[in-house]
Amino acid sequence: MSQSPTELESSGSSAAYRGGLNQVAAMIRQGMSWSGSERNCTFLNTRGRRFADVSSASGLDFADDGRGAAVVDWNHDGRCDLVLANRTAPRLRFLLNEVAGEHQFLSLKLQGTSCNRDAIGTRVEIVVRAPGDADDEDAEGADPEGADPEGAADTPGATGPRTVKTLRAGEGFLSQSSKWLHFGIAQGQSIERIVVDWPDGQREEIAGVAANRHYRLVQGSGALTPWTPPTERPAWQPSPFQPPAAPARHNVLTVPVRLPVLRYRSYQGQEKSLQEDQGAYVLLTLWSKTCQPCLRELKQWSAEADEIRGQGLEILAVCVDSLTESDATAGQDFVETIAWPFAAGVATPALVDVLQITSNWIYEPNEQLQVPCSFLIDRQGRLKAIYQGSVPLERVVADSRRKYTTAGLFRPTAVPFPGRWLYAQELPRFIRLASALVEGGHLDETVDFLARNRLLLAKDPDYPNVLVHVAAQLRRQDRVGEAVEHYRLAIAAAPEFWAAQNDLAWTLATTRDGAVRDPRQAIRLAESVDRATNHQNPSVLDTLATAQAANGDFETAVRTVRQALELARGQQPALVSSLERRLASFERGEPFVE
């Protein structure tokens, strides 16, 4: 994301900033996490400066949007427990440490007298001794890389491995661990002494400390006071975890929209499609063999087939298991078992993707479609309602009978509660669905969608831009005739849309398709755009020169491309090499053809 501008900047910087904001808005619509949905990581210090990734083995690799972690020996058993805080549910996790082992511990609670009472900033070092260590020898086997993580200097007379901790008021984001200092001690080791450096510079050394104990230490006392944990401890019962069920969501569109042709595969291996004027309402339902609500719903609809058809409704059951199993007959055994009387087949990736894009256009934040999921399509091929989760047949029938007499008629039905409207109704931005389809790689579906919804889309200010974008995609696929048609539609919708005229002129001048190539019209368009841009746009001059060459006027084309080169060196350096190649071509008397 671009940084917020603090002063007037160039248009390029402003465009980059707006682009960053658009990307953030898109991620929010998609329900993405600010942390990137990264799993928690846990690292185990194996020796010295070495760490091993034990995220999965520890069970701490939750996919939560984590924020803080605090360490506390909650039940005073000598094992550190964890409290994790998240931005979203579950907001709090408590993890009780029940790892078995023979390790020992020492737990200290400090109290300052001449320093702050909480003793924040106190540095505590414990020196341990392994069995067989002599008093005047350094402990053997210490890791040469085992530098003190706190940066402590060697303690004079130390005879064994040391562990150092500093008492802090907080060590992490949005979290503060217990003020009890916890030290882990290996089995068989004993504590030789502890060294306490208080924040005000005082130092105390205490020997003869037993392990597996809780102690309190008051500054200046020179002795540890044993502390006994409460004998009554709460009974821990892990809370049952169940994945949240997808909530049922039934919505009627305030204005129906004609979907592109939806294609699926029948169990006979044929490609089928939902066409306009199919003569009945169609409830397209996505289902899976692993979804019990799906199976119950299909059984019920199969048993009520006569009543359903009597209401002027057909059902198309499309199994999505084919997407993961690559099985062209996924679900066929089940529909045969229940004697399914309606149409059925398997989903194609394109079908599910188009429906997902449509759902994303309607709902924010965007959520992945969950089965069962159904789409009510009327006799004209228009999407009228979406049902996520099981849907009562009575609701589908009632929605199919609603009439769109005015744009606002369905407004109360499309919201979850009644109320008064502050603003007059505006038509949904159907053009955004077209943009999402083409950006998703569904060019054929986009072309079909634009053709079916031309009257709805024509008044949208972004309609010409989308037409030009689609035309460019068509041209890349050598579908030049269709590209020209979309350029002409864009110009008809916005007569002063110079970019569309320039692209159309380029296409008519450079295409190899004789049925489309029209150099004379290309030069008329290019001259018009050149006048509108005051002969100062190198890209437009490039098109004009190419059109002049296509008409055989190479002398004029050379002059024009040289003018474009002069402007491009200051305005569009990336265009210079292409202009130089065309200049050489025109000087040889050769037109430029793509």
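Position in the sequence shown (first residue = 1) + 110 = this note's numbering. All C-beta atoms, glycine included, are put in the ideal place defined by N, C-alpha and C.
Helix, strand or coil at aspartate 406 according to DSSP, with G and I counted as helix | Taking the first residue of the sequence shown as 1, we reach residue 406 at position 296. Reading the sequence as shown, one finds arginine at residue 406 and not aspartate. It is helical.
Note down the Cα distance separating leucine 220 from glutamine 329, rounded to an integer number of angstroms.
-> Your numbering for residue 220 matches position 110 in the sequence shown. Your numbering for residue 329 matches position 219 in the sequence shown. Those two C-alpha atoms are separated by around 8 Å.
Under the three-state DSSP convention, the category tyrosine 473 falls into = For the purposes of this step, residue 473 is identified with residue 363 of the sequence shown, where counting begins at 1. Residue state, collapsed to three classes: coil.
Of the residues Thr223, Ala568, Glu212, the one placed nearest glycine 294, counting alpha carbons only = Sequence index remark: in the sequence shown, residue 294 carries index 184 (1-based). Glycine 294 has its Cα closest to that of Glu212, out of Thr223, Ala568, Glu212.
Tell me, to the nearest whole angstrom, how far the beta carbon of aspartate 171 is from that of arginine 197; I am working on the premise that it is less than 8 Å.
-> Counting from one through the sequence shown, the residue named residue 171 turns up at place 61. Counting from one through the sequence shown, the residue named residue 197 turns up at place 87. About 17 Å; that fails the 8 Å criterion.
Within the same chain, show all residues whose beta-carbon is closer than 6 Å to that of aspartate 174, passing over the 5 residues directly before and after it, in chain order.
-> Taking the sequence shown and counting its residues from 1, one reaches residue 174 at position 64. Only Asn196 meet the Cβ criterion.
Based on the DSSP output, what are the partners of cysteine 483 in its beta bridges?
-> Locating residue 483 in the sequence shown gives position 373, counting from the first residue. Note: cysteine 483 sits in a beta bridge opposite Leu396, Gln498.
Taking just the CA atoms, how far does proline 528 sit from leucine 205?
-> Counting from one through the sequence shown, the residue named residue 205 turns up at place 95. Counting from one through the sequence shown, the residue named residue 528 turns up at place 418. Rounded to the nearest angstrom, the two C-alpha atoms are 44 Å apart.
Neighbour-count burial assignment, serine 469, 16 or more Cβ in a 10 Å radius = Looking up residue 469 in the sequence shown gives position 359. Flag for serine 469 reads buried.
Mind checking leucine 560: buried by the 16 CB within 10 Å criterion, or exposed?
-> One-based indexing of the sequence shown puts residue 560 at position 450. By the neighbour-count rule (16 or more Cβ atoms within 10 Å), leucine 560 is buried.
Close Cβ partners of aspartate 623 (< 6 Å) along its chain, the five nearest in sequence each way excluded | Counting from one through the sequence shown, the residue named residue 623 turns up at place 513. So the list reads Val590, once near-sequence residues are dropped.
Integer-rounded CB distance, given that valine 371 should sit under 8 Å from aspartate 558 = In the sequence shown, the residue the question calls residue 558 occupies position 448. In the sequence shown, the residue the question calls residue 371 occupies position 261. With 8 Å as the limit, aspartate 558 and valine 371 qualify as a contact, their Cβ atoms being about 5 Å apart.
Near alanine 632, what residues of its chain come up, given a Cβ to Cβ distance below 7 Å and the 5 sequence neighbours on each side ignored?
-> By one-based count along the sequence shown, residue 632 stands at place 522. These residues qualify, in order along the chain: Ala615, Leu618, Ala619, Ala657, Ala660.
Reference alanine 162; option with closest CA among Arg373, Cys401, Leu154 | Here residue 162 refers to the residue found at position 52 of the sequence shown. The residue with the shortest Cα to Cα distance from alanine 162 is Leu154.
Anyone know if the C-beta pair for glutamate 407 and proline 502 falls short of 7 Å?
-> The residue labelled residue 407 in the question sits at position 297 within the sequence shown. The residue labelled residue 502 in the question sits at position 392 within the sequence shown. Not in contact: glutamate 407 and proline 502 (Cβ atoms no closer than 7 Å).
When the Cβ atoms of the region 436 to 443 are set against those of the region 365 to 382, are three or more pairs found closer than 8 Å?
-> yes
Going by beta carbon distance, what residues of the same chain come within less than 8 Å of valine 686, once the five residues before and after it are set aside?
-> Start at 1 with the first residue of the sequence shown, and residue 686 comes out as number 576. Excluding positions up to five away in sequence, the list reads Leu675, Ala678, Arg679.
Assign glutamate 302 to one of three DSSP states: helix, strand, or coil.
-> For the purposes of this step, residue 302 is taken as the residue at position 192 of the sequence shown. Correct three-state label for glutamate 302: strand.
Could you pull the start and end residues of the beta strand (DSSP E) that aspartate 171 belongs to?
-> The residue you call residue 171 lines up with position 61 of the sequence shown. Where aspartate 171 is concerned, there is no enclosing beta strand (DSSP E), given that its DSSP letter is neither H nor E.
Are three or more beta carbon pairs between the region 420 to 436 and the region 492 to 511 nearer than 8 Å?
-> yes
Around the Cβ of tryptophan 184, are there at least 16 other Cβ atoms within 10 angstroms (buried) or fewer (exposed)?
-> Stepping through the sequence shown from its first residue, residue 184 is reached at position 74. Buried is the call here.
Where does the unbroken alpha helix (DSSP H) through leucine 194 begin, and where does it stop?
-> Residue numbering aside, residue 194 sits at position 84 when the sequence shown is read from its first letter. Not the alpha helix (DSSP H): leucine 194 falls in the beta strand (DSSP E), residues 191 to 196.
Please go through the region 596 to 630 and give each complete alpha helix (DSSP H) segment of 4 or more residues, from N-terminal end onward.
-> 608 to 620
Output the boundary residues of the alpha helix (DSSP H) element that contains alanine 694.
-> Position 584 of the sequence shown, counting from 1, holds the residue named residue 694. Counting along the chain, the alpha helix (DSSP H) containing alanine 694 begins and ends at 686 to 697.
In or out: valine 238 buried (at least 16 other Cβ within 10 Å) or exposed?
-> Locating residue 238 in the sequence shown gives position 128, where the first residue counts as 1. So valine 238 counts as buried.
Where does arginine 692 land, buried or exposed, given buried means 16+ other C-beta within 10 angstroms?
-> As a first step, residue 692 is located in the sequence shown; it is residue number 582 there, counting from the start. Answer is buried; the Cβ neighbour count reaches 16.
With DSSP as the reference, please indicate the residues paired to serine 383 in a beta bridge.
-> In the sequence shown, the residue the question calls residue 383 occupies position 273. DSSP output for serine 383 lists Arg373 as bridge partner(s).
Neighbourhood of valine 430 by C-beta, 6 Å cutoff - its chain only, sequence neighbours within 5 removed = For the purposes of this step, residue 430 is taken as the residue at position 320 of the sequence shown. So the list reads Leu396, Ser398, Ala457, once near-sequence residues are dropped.
Cα separation between arginine 698 and glutamine 673?
-> Sequence index remark: in the sequence shown, residue 698 carries index 588 (1-based). Sequence index remark: in the sequence shown, residue 673 carries index 563 (1-based). In a straight line, the C-alpha of arginine 698 is about 18 Å away from that of glutamine 673.
Between phenylalanine 607 and proline 574, is the Cβ-Cβ spacing less than 7 Å?
-> Walking along the sequence shown from the start, residue 607 turns up at place 497. Walking along the sequence shown from the start, residue 574 turns up at place 464. Yes, these two residues count as a Cβ contact at 7 Å.
Pick helix, strand or coil for phenylalanine 664, following the three-state DSSP scheme.
-> Counting from one through the sequence shown, the residue named residue 664 turns up at place 554. Phenylalanine 664: helix per DSSP, three-state reduction.
Glutamate 504 - containing alpha helix (DSSP H), residue span = The count along the sequence shown starts at 1 and reaches residue 504 at position 394. Looking at the DSSP string, the run of the alpha helix (DSSP H) that includes glutamate 504 is 503 to 510.
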